[in-house]
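Undergrad:
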Amino acid sequence: MNQESQNIEYKESWRDEYLKWICGFANAQGGTLYIGIDDDGNVVGVEHAKRLSEDIPNKIRDVLGIVAEVNLLNKKAKEYIEIHIEPSSFPISYKGEYHIRSGSTKQQLKGNALTQFLLRKTGLSWDATEVNNIELTDLSPVAFDIFRTQSVRRKRMDKTDVDISDRELLEKLHLFTEDGKLTKAGYLLFARDPERRVIGSTIKIGYFEGPDILYQDEVGGSLLEQAQNCVDLIFTKYLKARITYDGVHRIETFPFPYVAVREAVYNSIAHRAYNYMNSTQIRVYEDKLMISNDASMMCDWTAEKLMESHKSIKYNPLIANTLFKAGFIEIWGRGIEKICNSCIENGNPLPKFELSENDVTIVFEKAVEEATGKVPEKVPEKVPEKVPEKITNNQVLIIDAILQNPFVTITMLANSIGISERKTRENLKKLKDKGLIIRVGPDRGGHWEVVDNQTGK
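Dropping the structure here:
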C-alpha cells in the first residue's frame, strides 16, 4: 500500500467521527479513506466489513449530503473497505463544521480561513467583493499614472490600451462587480487613502537594534504607490551601501540583494490577507531583513515546498493580475526562484521562510563578506570531483541534489535519482552515519547540509 498522503488516509476501524475526514477530502482535492489498514499500510482487516460497506454510504449521504464510492475489498482473507471521495464544487459541512484535508492531516476551518474558503468555493475571492459608496474622485491620479507608465514600459499593455478614461481602465482590469460597484481590489490598488475602508492596508518599516526600534516609517496610499515607494525607501534610508570604485566609477553594494528584496515586497503586497487588517511589517537589522505579512495558508505549504517549483496560487487574483500588468510581479510562481537566484548571485545565504497558519515571514541574511569581512564562497553547482571511494553513485547524486537545494525532500530525491523512497532513506542514513551530511531542524521544515570534510580534505 502507498503511504498516507494528501489523498490517502488509513484507519484500522470505523468511527462515525471519520465523517470529518471525508468532509475534509471533499472540501480539498478529493481522496481515499481506507478502513481496516494500519498507519504503515498493512491490511489488518475490519469486523463486520460487509455491514459497514452498506451503512457508511448512508451515513455520508445523511450527514454530509454527498455520495461517495464505497468498495468492500479482500486481501489474504482479510476484508477492508475503500471509500473514494470526489472533490466537491461547493462547501461541505459536518454538523455545521467545515474541515479540509491539508497534507496528511485534517484541519477545521475557522475565522478568516473559513471566510476565504467559502468565498473560493462560491467562485469569489475576498478582493472581488464590493466596496460601497466610492466615487472616482476618491481614487488617486498618481496611482493611475503609475499603472499607465509601468504597464507600457514593461510591455504588459500597449499604449492604446491605457489611453482611456480611468473608469474604462478599471473596467478593462475587471475591477468592478457585475452591478457596477468598485471591488476591494480596485479600491486598494487605486484609492488615495485605502485605510479609510481597509484598516491595516499599509506597510510599516522599522530599523531595530536588538529588541529596540531606533526609527520607523509607515508607507501608505494606494497599493501601486506602496509598490513604487517602499523599496526605494528601504534602500535609501534603511540600508547602508559599501562603496568601492572600478576606476573612476563608483559602485554601491548593499548587504541584501535589491532584486530579492524588491520581489519579496511586491509579493507581500500581492498575496497578503488584507481582511486580517494588519500592516505588512519590514524589520531591518544590522545583519538581517525580515518581511512579514498575514496570509491564508490553507494549502499544505511548508518552507520546503516554497523552495520547490510550484504553480502560482493567487489569494488576491484581481490585485495580482493588476500588479502583473503593471510589471511589478510575475504570474507563473517564479517569485521565490528569482529571490533565491538573486541571493546566490549577490553572495547571500538563501532566504529562510517561517510559515504559520495565518502569516508568512521571509528572512534575508547578510552576505558572509558583509557579516565577517571574509569573501563569500561560491555556491557549489555540483559535487566536488574528489569524493570518497566508498560513496556509491546514488549517494553522489543525493549530495549533488542537496547542494543544489538544501530543502530537497525524500520524494524529490527518489524521483530525480530513480530509486524508491525506502532506498533513498537508507542512503541518507548511510551518508549521515559517515558524517557526510547532517539534518538541520525537524523533518518538516528543516533542511540538509553537506559537511565540508566530505571531499576528504
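Positions in the sequence shown are counted from 1; adding 16 to them yields the working numbering.
All residues carry an ideal CB built from backbone N, CA and C; glycine is no exception.
#1: Quick check on L152: buried or exposed, where buried means 16 or more other Cβ atoms within 10 Å of its Cβ?
#2: Determine, using beta carbons only, whether E102 and G46 come nearer to each other than 8 Å.
#3: By alpha-carbon positions, which one of Y254, I285 and Y292 ends up nearest to Y274?
#4: Once you ignore the five residues that flank P73 on each side, which residues in its own chain have a CB closer than 6 Å to its CB?
#5: Between the alpha carbons of S156 and T199, how many angstroms are there, rounded?
#6: Use the C-beta contact count for T173: other C-beta atoms within 10 angstroms, 16 or more gives buried, fewer gives exposed.
#7: Count the C-beta pairs between the segment 343–363 and the segment 210–225 that are closer than 8 Å, then say yes if the count reaches three, no if not.
#8: What does a CB cutoff of less than 7 Å around L429 pick up in its chain, not counting 5 residues either side in sequence?
#9: By the three-class DSSP mapping on this structure, what secondary structure does Q411 have?
#10: Counting only runs that start and end within the segment 69–151, where is the alpha helix (DSSP H) found for 4 or more residues in a row?
#11: Which residue's Cα is closest to the Cα of S105: L189, I453, E442 and A44?
#12: Just to confirm before moving on: does the CB-CB distance between R213 and Y223 stay below 8 Å?
#13: Please report the distance separating the alpha-carbon of I259 from that of S358.
#14: Bridge partners for F251 per DSSP, in chain order?
#15: State the CB to CB distance for the pair N309 and R288, rounded to an integer number of angstroms; the pair is presumed to be in contact (CB under 8 Å).
#16: Under 8 Å, do F133 and L240 count as touching if we go by C-beta distance?
#17: What are the boundary residues of the beta strand (DSSP E) that G222 is part of?
#18: Report all residues from its chain with a CB closer than 7 Å to the CB of E211; omit the five preceding and five following residues, and keep chain order.
#19: Let me confirm a value: S29 is counted as buried when at least 16 other C-beta atoms fall within 10 Å, else exposed. Which label applies?
#20: Could you check the C-alpha separation between I453 and T427 for me, to the nearest Å?
#21: DSSP beta-bridge partners for S21?
#22: Can I229 and L249 be called in contact, C-beta distance under 8 Å?
#23: Check whether the segment 180–197 touches the segment 331–342, counting contact only when three or more Cβ pairs, one atom from each stretch, lie closer than 8 Å.
#24: Take G434 as the anchor and find which of N409, G457 and K445 has the nearest alpha-carbon.
#25: Using only CA atoms, which one of I378, L334, K256 and V60 lies nearest to S284?
#26: May I ask which residues mark the beginning and end of the beta strand (DSSP E) holding D174?
#27: Count the other C-beta atoms from every protein chain shown that fall within 10 angstroms of the C-beta of V466, then say buried if there are 16 or more, exposed otherwise.
#28: Tell me the DSSP bridge mates of D233?
#29: With DSSP collapsed to three states, give me the class of G451.
#30: Please report the straight-line C-alpha distance between L125 and E346, rounded to a whole angstrom.
#31: Assign Y231 to buried or exposed, taking buried as 16 or more other Cβ atoms, counted over all protein chains shown, within 10 Å of its Cβ.
#32: Taking the beta strand (DSSP E) that T338 belongs to, which residues open and close that run?
#33: Could you tell me the distance, in whole angstroms, from the CA atom of V168 to the CA atom of K175?
#34: Going by alpha carbons, who is nearest to I108 out of I38, V60 and T165?
#35: Using 8 Å as the Cβ pair cut-off and three pairs as the minimum, do the segment 63–70 and the segment 129–145 touch?
#36: Taking 8 Å as the cut-off, decide whether the C-beta atoms of A201 and L334 are in contact.
TA: By the coordinates alone:
#1: Translated into the one-based positions of the sequence shown, residue 152 becomes position 136. Exposed, because fewer than 16 other Cβ atoms sit within 10 Å of the Cβ of L152.
#2: Locating residue 102 in the sequence shown gives position 86, counting from the first residue. Locating residue 46 in the sequence shown gives position 30, counting from the first residue. In contact: E102 and G46 (Cβ atoms closer than 8 Å).
#3: Working through the sequence shown from its first residue, we reach residue 274 at position 258. Ranking the options by Cα distance to Y274, first place goes to Y254.
#4: One-based indexing of the sequence shown puts residue 73 at position 57. Taken in chain order, the residues that qualify are V86.
#5: Start at 1 with the first residue of the sequence shown, and residue 156 comes out as number 140. Start at 1 with the first residue of the sequence shown, and residue 199 comes out as number 183. C-alpha separation (whole angstroms): 15 Å.
#6: The residue you call residue 173 lines up with position 157 of the sequence shown. Before going further, note that residue 173 is Met rather than Thr in the sequence given. It is buried - the Cβ of M173 has at least 16 other Cβ atoms within 10 Å.
#7: no
#8: Within the sequence shown, numbered from 1, the residue matching residue 429 stands at position 413. Around L429: I414, A417 and T440.
#9: Within the sequence shown, numbered from 1, the residue matching residue 411 stands at position 395. Three-state result, Q411: helix.
#10: 127–137
#11: Here residue 105 corresponds to residue number 89 of the sequence shown, with the count starting at 1. S105 has its Cα closest to that of A44, out of L189, I453, E442 and A44.
#12: Within the sequence shown, the letter at position 197 stands for residue 213. Within the sequence shown, the letter at position 207 stands for residue 223. The answer is no: Cβ separation not under 8 Å.
#13: Numbered from 1 along the sequence shown, position 243 holds the residue referred to as residue 259. Numbered from 1 along the sequence shown, position 342 holds the residue referred to as residue 358. Their Cα atoms are separated by approximately 20 Å.
#14: Position 235 of the sequence shown, counting from 1, holds the residue named residue 251. Beta-bridge pairing links F251 to no other residue.
#15: As a working mapping, residue 309 is identified with position 293 in the sequence shown. As a working mapping, residue 288 is identified with position 272 in the sequence shown. That belief holds up - the Cβ atoms of N309 and R288 are roughly 4 Å apart, short of 8 Å.
#16: On the sequence shown, residue 133 is found 117 positions in, with the first residue counted as 1. On the sequence shown, residue 240 is found 224 positions in, with the first residue counted as 1. Result no, Cβ atoms of F133 and L240 do not sit closer than 8 Å.
#17: If you number the sequence shown from 1, residue 222 lands on position 206. From DSSP, the beta strand (DSSP E) with G222 extends over I219 to E225.
#18: On the sequence shown, position 195 is the one that residue 211 refers to. If we look at E211 and ignore the five residues flanking it on each side, its Cβ neighbours are S217, T218 and G236.
#19: Residue 29 sits at position 13 when you count from the first residue of the sequence shown. With fewer than 16 Cβ atoms within 10 Å of its Cβ, S29 is classed as exposed.
#20: As a first step, residue 453 is located in the sequence shown; it is residue number 437 there, counting from the start. As a first step, residue 427 is located in the sequence shown; it is residue number 411 there, counting from the start. Near 18 Å, if we compare the C-alpha coordinates of T427 and I453.
#21: The residue labelled residue 21 in the question sits at position 5 within the sequence shown. S21 pairs with I24.
#22: As a working mapping, residue 229 is identified with position 213 in the sequence shown. As a working mapping, residue 249 is identified with position 233 in the sequence shown. No, they are not a contact pair.
#23: yes
#24: Counting from 1 along the sequence shown, the entry for residue 434 is found at position 418. Per the Cα distances, N409.
#25: Position 268 of the sequence shown, counted from the start, is the residue given in the question as residue 284. The candidate whose alpha carbon is nearest that of S284 is I378.
#26: Here the question's residue 174 lines up with position 158 in the sequence shown. Premise fails: D174 is in no beta strand (DSSP E) and is neither H nor E.
#27: One-based indexing of the sequence shown puts residue 466 at position 450. Result: buried.
#28: In the sequence shown, counting from the first residue as 1, residue 233 sits at position 217. I221.
#29: Here the question's residue 451 lines up with position 435 in the sequence shown. It is coil, neither helix nor strand.
#30: Mapped onto the sequence shown, residue 125 falls at position 109. Mapped onto the sequence shown, residue 346 falls at position 330. Cα to Cα, the separation comes out at about 30 Å.
#31: For the purposes of this step, residue 231 is taken as the residue at position 215 of the sequence shown. It counts as exposed.
#32: Position 322 of the sequence shown holds residue 338. Unbroken run through T338 is the alpha helix (DSSP H), P333 to K341; no beta strand (DSSP E).
#33: Taking the sequence shown and counting its residues from 1, one reaches residue 168 at position 152. Taking the sequence shown and counting its residues from 1, one reaches residue 175 at position 159. Their backbone Cα atoms lie some 6 Å apart in a straight line.
#34: The residue labelled residue 108 in the question sits at position 92 within the sequence shown. Nearest option by C-alpha distance: I38.
#35: no
#36: Your numbering for residue 201 matches position 185 in the sequence shown. Your numbering for residue 334 matches position 318 in the sequence shown. Yes.
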